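What follows is a single structure, written as structure tokens, with notes after it.
Residue numbers (the numbering used here), protein chains in the order written: chain H, 44 to 469; chain F, 44 to 469; chain S, 44 to 469.
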């Protein structure tokens with residue numbers, strides 16, 4: 044996963060343009076995703092697909108003709124989506140278009156201006172301080188022209204039309220945790236699911252420019268969103284910080300409880316955050332007209348780590364073990380959702396005779412053991428109103444053990460799985 | 044407000060009699076309140092309006108003819124509602140009718156005997172200790188006679204018949220915090236509302252003798268009480284202690300949440316108390332047949348400060364700044380209730396394009412700011428089921444900012460106010 | 044109660060056999076309980092009544108013919124429900140059938156093998172260590188034969204068919220806290236109830252072998268279980284440890300709240316435990332088909348005290364004062380349930396005039412007192428939707444005082460008891 048990030052790192056992405064196309068091209072070497080193009084000017088809900096932005100070069104030259112700020116060194120140096128410019132300006136004129144971070148004098152900030160025409164440069168505060176009162180030649184060799192918004196989509200059908208959605212944004216330039224980590228984990232998760240056997244749920248992976256990409260996708264698929272039973276936005280998921288999960292707008296959706304269960308069962312600190320309408324594309328999936336059960340899984344929380352939206356969010360900030368753990372958490376969440384069924388006991392009056400079936404310890408009087416206990420819990424709550432996750436949470440037992448107990452009991456005909464359309468509690 | 048308290052302080056009020064009439068007369072110099080008289084003997088629910096009590100003089104004279112306890116010095120010296128008496132008694136006979144506070148030897152207690160005929164004197168414990176074994180002439184020149192119970196009422200119509208009620212008791216004699224502070228804050232609140240523009244709610248101010256006054260008023264207006272959408276009993280609201288708000292019997296009424304929001308947003312300690320059927324006239328408003336959404340706003344909690352129901356609850360105990368803050372809290376609560384509407388988003392599918400309308404920061408990548416965040420929250424929860432207070436509380440934002448965001452969004456046609464009769468959550 | 048335990052202590056009980064019959068015979072000297080026999084082979088739900096187990100003698104003799112383990116010294120020495128055996132075995136062959144507790148070398152463990160045919164001996168770890176590599180003669184002179192499962196039942200009719208169930212297990216051999224304490228408290232509780240006047244509820248006491256006894260009883264009375272409005276399993280209730288109450292599967296049943304109220308009001312530590320499907324016969328009463336409101340009252344929690352299921356759970360471990368307190372808690376719970384009625388105020392609009400009826404302190408201004416306060420609470424919540432327990436819990440007052448207030452108010456016609464079939468909240 045880290046290698047994939049390294050390949051994608053130098054590409055200058057934005058909400059539209061060749062950067063996204065190149066990125067999706069790299070991903071297609073891993074999974075057969077479809078690329079979609081939505082033409083500039085297309086109305087998507089309250090928005091319009093903007094012009095396509097492409098950039099070839101950009102710099103600030105001092106009076107000696109030296110590039111004191113150079114896009115070729117780091118694509119963060121350009122205010123993303125800058126209009127083209129070629130001009131010679133005094134320092135004070137120039138400064139209205141410069142962005143730096145005084146608290147971190149060696150880092151370049153990441154700034155954008157998508158919806159207001161502007162141009163600008165982002166530079167380290169050391170660069171900023173070294174600018175003398177002089178005239179500067181600025182050049183942004185970009186173009187804003189008719190074109191398209193590009194996004195990628197990969198659909199893996201399951202045995203039902205019910206979907207689990209994974210979504211990540213592909214519009215950030217050279218930023219590793221905020222962008223590339225989510226892309227990379229999503230790609231490897233998709234690869235694994237594609238290799239394995241057919242599952243109950245269908246899986247949809249979206250690789251979309253933030254905000255406008257999600258809006259475009261939702262606008263084109265409004266009537267199909269009811270199929271999305273659970274969803275996760277993946278972002279900032281490659282650094283070694285503790286996991287953060289931001290709940291869906293619903294707050295008690297099955298996905299919210301599933302992720303909380305998985306994180307609780309790990310021996311690491313983590314945090315569950317309430318929904319807020321600011322963040323990543325869960326903003327759109329959870330807008331009131333959709334109100335989809337989509338949360339956001341992160342490690343360090345965006346905006347809370349100093350490297351956020353700076354050049355320090357680089358290849359050193361994300362680590363292979365952290366990416367591996369994130370992939371593993373996603374897998375555990377998927378397993379939980381896949382096996383989270385509702386059962387009804389076939390002998391609801393008193394416990395069935397488990398000992399006779401070899402499902403109970405033979406010698407009484409001592410400790411019972413977690414497997415025996417799990418069987419008792421499943422039998423006790425197999426009333427058609429509790430999912431296995433409800434049972435695991437009430438019992439304080441790991442879902443995996445409860446799920447295994449249900450499987451065994453079902454094999455012995457002691458519980459029967461209800462059809463999915465039951466009015467289960469969760 | 045403190046000046047008004049000073050004017051009212053010397054008057055000897057009780058549940059009936061000239062003291063209340065004089066008090067209301069003073070208030071009429073500020074607001075055009077109506078005075079109502081309910082005749083002695085009138086049945087009001089389970090009660091009967093008692094005889095009118097008036098008092099001219101009262102004293103205890105020692106054998107030398109000296110007034111050792113003198114009503115003219117402090118009207119608390121007489122057990123309120125005492126029957127008349129003229130007698131000469133031994134000290135031991137007298138003592139059965141004397142009340143003092145050993146822990147506070149310089150303070151006169153406030154005691155009453157409304158519903159059992161009795162006479163008595165309240166005196167400092169120093170006075171009590173100085174009484175020799177002697178004969179004493181006692182005189183209470185009071186009368187209990189056919190008359191009326193008097194109360195004041197001030198109604199300020201709004202654009203709807205829905206009412207906000209403010210109620211305070213006017214039956215305590217020379218006690219400043221417990222009685223006069225509530226009266227004074229209510230009067231100045233009414234004055235301000237009368238000066239301002241017409242509001243959505245109508246406002247009703249009651250100046251009533253405790254318990255029997257509330258019962259009389261409710262008995263006469265039973266069928267109109269459904270108009271009371273929110274109510275607050277004001278008492279003990281002039282001392283510099285922290286605010287205490289006792290919730291209505293419902294416990295989750297809009298008024299309960301509104302006051303809690305306002306107090307939480309101040310940078311001062313405060314306490315929210317659960318409902319209890321003991322206290323002030325919220326007891327009657329919250330009796331099970333009415334169950335009105337009426338809470339009780341105090342600063343120091345009655346019964347919890349040592350000066351409570353003693354002569355130390357005097358003009359020094361209440362302060363102009365404390366009264367000013369209390370008035371301000373009432374105003375903030377009113378503003379919240381007035382603007383606590385329910386909205387529905389006109390573009391519920393995805394966020395609308397706020398940047399295009401100048402409602403979003405132009406440069407992305409940095410901090411978002413509370414105004415932008417408030418707009419996102421309002422849009423996200425403008426589903427016809429959340430009031431602005433629901434939104435502010437869920438977002439952890441001040442109501443004022445959320446309300447301003449809703450106003451702006453409505454101006455841009457992005458949200459529409461629902462008619463008040465919607466089934467809003469709170 | 045301790046004397047009764049002492050009489051029952053030496054008897055070798057099991058889930059079937061003469062031990063249970065002798066035990067019930069002793070109990071019949073105290074209460075006229077009925078003895079029921081369910082024949083071996085009878086189907087009870089998913090189970091079959093097992094063969095009857097009886098035992099006359101058992102020992103392990105060393106090569107010198109000395110009894111190194113002797114059933115006549117302590118009936119725990121035999122694995123309960125052991126099949127008969129007569130054999131001479133090497134030490135290593137024997138060891139597969141021996142159970143001891145290394146951490147408590149002087150205690151004999153209690154072990155059973157009901158549902159898998161096996162034989163074995165339980166011995167102290169000191170005995171275990173002293174066994175030389177020798178040949179041993181083992182003898183278990185037991186029989187497993189057609190017969191019956193025996194249980195006792197005592198029913199005390201009340202003025203309604205609604206029942207309160209007390210259940211305890213009678214299948215453990217010489218164990219005092221785990222078994223005999225529950226039996227003894229149940230017997231003395233039944234004796235007291237039988238002596239007193241007729242009560243609202245009917246009372247049913249079950250003295251049943253654990254698990255299979257409960258299953259047999261439920262199987263024979265499935266259609267009558269709806270009458271059980273409240274139930275408590277009594278076990279481990281004779282030691283001096285703090286009370287533990289395990290809630291019913293419902294978690295908020297009236298019995299759960301009643302026991303919690305009574306324990307909260309005592310000045311002793313206690314603990315309320317969530318339901319779990321492992322434990323005593325609440326497992327069967329709370330199986331999903333029944334879901335009866337039956338909890339489990341203990342002092343030290345089974346499995347949590349070291350003496351649990353060992354020979355140290357003996358006559359010294361249970362104490363007369365602890366048994367007395369347990370009986371008293373049961374009585375308080377019964378009183379609460381008997382008097383936990385729903386009232387409706389006859390004057391719901393405002394408070395009624397309590398002073399006139401002598402139900403309020405005559406002199407106002409001072410403290411109110413808990414009796415007056417209780418009356419106000421009852422009147423305020425006497426709306427047909429709150430039980431007295433709801434009122435006591437909300438008011439933070441003892442049920443006994445609230446109940447007394449309701450009685451007084453009812454005497455004065457101020458509240459009226461609703462028929463029991465009302466849709467009261469709890």
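Even for Gly, the Cβ is constructed at its ideal location relative to N, Cα and C.
Remember, it's a predicted structure, so these values are computed and weren't measured experimentally.
Closer than 7 Å at the beta carbon, the chain H residues around residue i
i, result
"residue 332(S)", "391, 392"
"residue 441(F)", "Neighbours of residue 441(F) on chain H: none; closest Cβ ~16 Å, over 7 Å."
"residue 399(F)", "158"
"residue 448(F)", "Going along chain H, no residue has its Cβ under 7 Å from residue 448(F), so there is no contact; the nearest lies around 12 Å."
DSSP beta-bridge partners of residue i
i, result
"residue 341(F)", "287(F)"
"residue 141(F)", "164(F)"
"residue 211(F)", "250(F)"
"residue 449(S)", "Residue 449(S) is not bridged to any residue."
"residue 82(H)", "191(H)"
Close-in-space but distant-in-sequence residues of the same chain around residue i (CB under 6 Å, 5 per side omitted)
i, result
"residue 271(F)", "206, 208, 335"
"residue 262(F)", "87, 88"
"residue 210(F)", "249, 276, 324"
"residue 395(H)", "457"
"residue 236(S)", "199, 246"
Buried or exposed by the 16-neighbour rule on C-beta atoms within 10 Å, applied to residue i
i, result
"residue 311(S)", "exposed"
"residue 290(H)", "buried"
"residue 216(S)", "buried"
"residue 47(F)", "buried"
"residue 268(S)", "buried"
"residue 294(F)", "exposed"
"residue 412(H)", "exposed"
"residue 350(F)", "buried"
Contact set between residue i and chain H, taken where Cβ atoms lie within less than 8 Å
i, result
"residue 411(F)", "321"
"residue 222(F)", "Residues of chain H passing the Cβ test: none, with the nearest at roughly 44 Å."
Close-in-space but distant-in-sequence residues of the same chain around residue i (CB under 8 Å, 5 per side omitted)
i, result
"residue 172(F)", "148"
"residue 304(H)", "379, 432, 435, 436, 442"
"residue 461(F)", "384, 385, 386, 387, 427, 467"
9 Å Cβ cut-off: residues of chain H touching residue i
i, result
"residue 549(F)", "Lying outside 44 to 469, the shown extent of chain F, residue 549(F) is not represented and no answer is given."
"residue 261(S)", "392, 393"
"residue 430(F)", "Within chain H, no residue comes near residue 430(F); the closest Cβ sits about 15 Å away, beyond 9 Å."
"residue 416(F)", "319, 320, 321"
Cβ shell of residue i (< 7 Å), same chain only, five flanking positions each side left out
i, result
"residue 112(H)", "102, 103, 120, 164, 166, 170"
"residue 467(H)", "For residue 467(H), the pLDDT reaches just 39, beneath the cut-off of 50, and the residue's location in the model is therefore unreliable, although a value from the coordinates is still provided. So the qualifying residues of the chain are 385, 428, 430."
"residue 469(F)", "The pLDDT assigned to residue 469(F) is 38, lower than 50, so where the model puts this residue is not dependable; a value taken from the coordinates is nonetheless given after this. Excluding sequence neighbours, residue 469(F) sits near 297, 300, 430, 432, 433."
"residue 243(F)", "201, 202, 203, 381"
"residue 465(S)", "Confidence at residue 465(S) is low in this model, with a pLDDT of 35, below 50, so the placement of that residue is unreliable and no value is reported for it."
"residue 90(F)", "255, 258"
Chain-ordered chain F contacts of residue i [CB-CB under 7 Å]
i, result
"residue 426(S)", "331"
"residue 258(H)", "393"
Chain S contact residues for residue i, given Cβ-Cβ distances below 9 Å
i, result
"residue 83(F)", "Under the 9 Å cutoff, chain S gives no residues; its nearest Cβ is about 15 Å from residue 83(F)."
Can you check the region 285-336 of chain S for any beta strand (DSSP E) of at least 3 residues that lies completely inside it and give the ranges in chain order? 286-289, 313-316
Uninterrupted alpha helix (DSSP H) stretches inside the region 345-419 of chain H (no shorter than 4 residues): 363-382
Just to confirm the assignment: which complete alpha helix (DSSP H) runs, minimum length 4, are found wholly within the region 87-153 of chain S? 134-138
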